[in-house]
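Residue numbers (our numbering): 66 to 407. Virtual Cβ for every residue (Gly too), placed ideally from N, Cα, C. Let me begin by presenting the structure, written as structure tokens, before commenting on it.
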Amino acid sequence: MKDYLMITPEALTEEARKIAKHSDRAPFIALGQLTLLGIPFLLLFMGVLSPIPFVVAFAIALILVGVTAILEHDRQEEYDERQKELVVVFKSLVVNHAVQELFRHYSYDMEKGIAEDEVPLNEVLPYSYFGRSTDLLTGFYRGVEFRRADLEASAASTHVNFYSTNRVFLGQYIDFPCPVKFSSTLYIYTKDMLEDIERKTFLYSGNTRGEMYYETGDEAFDKKFRCLTTDQTEAETLLTPEYVRNIVKLSNLIKDWFVIGFKDGRIFLLIDTGTDHLEPPKYLGYIDKMDMDYEMERAVKTLQTVCYAIDRLARPSEEKTPPETNVIDELESYWKEGTPTV
Numbered sequence: 066m067k068d069y070l071m072i073t074p075e076a077l078t079e080e081a082r083k084i085a086k087h088s089d090r091a092p093f094i095a096l097g098q099l100t101l102l103g104i105p106f107l108l109l110f111m112g113v114l115s116p117i118p119f120v121v122a123f124a125i126a127l128i129l130v131g132v133t134a135i136l137e138h139d140r141q142e143e144y145d146e147r148q149k150e151l152v153v154v155f156k157s158l159v160v161n162h163a164v165q166e167l168f169r170h171y172s173y174d175m176e177k178g179i180a181e182d183e184v185p186l187n188e189v190l191p192y193s194y195f196g197r198s199t200d201l202l203t204g205f206y207r208g209v210e211f212r213r214a215d216l217e218a219s220a221a222s223t224h225v226n227f228y229s230t231n232r233v234f235l236g237q238y239i240d241f242p243c244p245v246k247f248s249s250t251l252y253i254y255t256k257d258m259l260e261d262i263e264r265k266t267f268l269y270s271g272n273t274r275g276e277m278y279y280e281t282g283d284e285a286f287d288k289k290f291r292c293l294t295t296d297q298t299e300a301e302t303l304l305t306p307e308y309v310r311n312i313v314k315l316s317n318l319i320k321d322w323f324v325i326g327f328k329d330g331r332i333f334l335l336i337d338t339g340t341d342h343l344e345p346p347k348y349l350g351y352i353d354k355m356d357m358d359y360e361m362e363r364a365v366k367t368l369q370t371v372c373y374a375i376d377r378l379a380r381p382s383e384e385k386t387p388p389e390t391n392v393i394d395e396l397e398s399y400w401k402e403g404t405p406t407v
């Protein structure tokens, strides 16, 4: 895997094409094996071989076919493993490009991360996610603190076992003071995320004792989200009709699973953006430049959408645009018009 860490889009494309060419030759190998087995029969039919030499020739052909089959099987396993790695690298490459676009003022290296002398000490923070610590790149986008973490889940990592193996996971973690006084706990999950977590008997919030389900009464919101809170009265004060509508709009833009949490006087948003949602070209064969460009542009826009939308959600009283302008509505138009179709 280390060989692929610093791979360029062009090198990744070339590697993928090698794998695709290997897959394309499989029918020809099978045809060659059948031909090899058929030659002794042909010679026997033509009278060139008597029964005993035919048996010897057929046995030799069988041995050759068996040896080539074993070698081809081993080689196919090697290519399959390389393809799995390339899928991960393809997704990681897209995500890292998106991060570079968002934080252009940082020097970000795929292998080494951020250069320490270019980032203030208080901007590289340790954060424990599902019991696993990692370094997060943090920055500020329109006044909202933005943190980013790459987590590669594995079967051995029990705390993230409800995420698929060999995934490079981009957790967009945005954290800022709660805009209203809020002392209890509230988690707003997209239903798919909560149901998947519940199915694996592990909740993001860790200790959910004392928490209860809460419905806002807004049909569009309650259809998409489940709320867990320790204080329904406080939840009502926070989940105003305008706030609820904005969260629904946010979900229409992001399309991914996420959880919004209000705890200890702070609000955070964690989004599974998902490199799993980035579609690698089928069978990774023939990645062309357009595929890569499209996914990179889409990943950048997703990051920007999250930052802009959360700025609107978190600071309604400090909105920098005119009151009659809704930032999320603007983003919805920007997303639809700006995303290329493939």
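So, is the C-beta of residue i closer than 7 Å to a C-beta in chain C?
i      : result
PHE327 : The chain labelled as chain C is not found in the depicted structure, where only one protein chain is given.
Classify residue i: buried if its beta carbon has 16 or more other beta carbons within 10 angstroms, exposed otherwise.
i      : result
VAL225 : Low confidence applies here, because VAL225 scores a pLDDT of 33, under 50, leaving its location unreliable; read the following figure in that light. Under this definition VAL225 is a buried residue.
ALA300 : buried
ARG140 : exposed
GLU80  : buried
ASN311 : buried
PHE110 : exposed
LEU151 : buried
LYS246 : exposed
VAL309 : buried
SER316 : buried
PRO105 : buried
Comparing alpha-carbon positions, which option in the options lies nearest residue i?
i      : options                        : result
GLN297 : GLU79, LEU107, GLU80, ILE253   : ILE253
LYS83  : GLN148, ALA95, ILE125          : GLN148
ASP257 : GLY275, LYS246, LEU129, LYS288 : LYS288
ILE94  : ALA124, GLY131, PHE290         : GLY131
ILE325 : LYS314, CYS292, THR305, THR302 : CYS292
GLY282 : ALA124, PHE290, SER316         : PHE290
GLY97  : ALA122, GLY112, ALA134         : ALA134
VAL303 : TYR279, GLU142, PHE106         : Per the sequence shown, the amino acid found at residue 303 is Leu instead of Val. Of the candidates TYR279, GLU142, PHE106, the one whose C-alpha sits nearest the C-alpha of LEU303 is TYR279.
GLY103 : PRO116, PRO92, ALA122, ILE117  : ALA122
PRO92  : ALA285, GLU142, GLU137         : GLU137
SER248 : GLU146, GLY275, PHE327, GLY112 : PHE327
PHE286 : GLU142, VAL120, PRO306         : PRO306
GLU284 : VAL313, PRO118, TYR144, PHE119 : VAL313
So residue i is in the beta strand (DSSP E); what residue range does that whole segment cover?
i      : result
THR294 : 290-294
THR255 : 251-255
MET111 : Premise fails: MET111 is in no beta strand (DSSP E) and is neither H nor E.
Answer yes or no: do residue i and residue j have a C-beta to C-beta separation smaller than 7 Å?
i      : j      : result
TYR295 : THR255 : In the sequence as presented, Tyr is not what sits at residue 295; that position holds Thr. The answer is no: Cβ separation not under 7 Å.
ALA126 : LEU101 : yes
LEU107 : LEU114 : no
The alpha helix (DSSP H) that contains residue i, what's its start and end?
i      : result
LEU303 : 297-303
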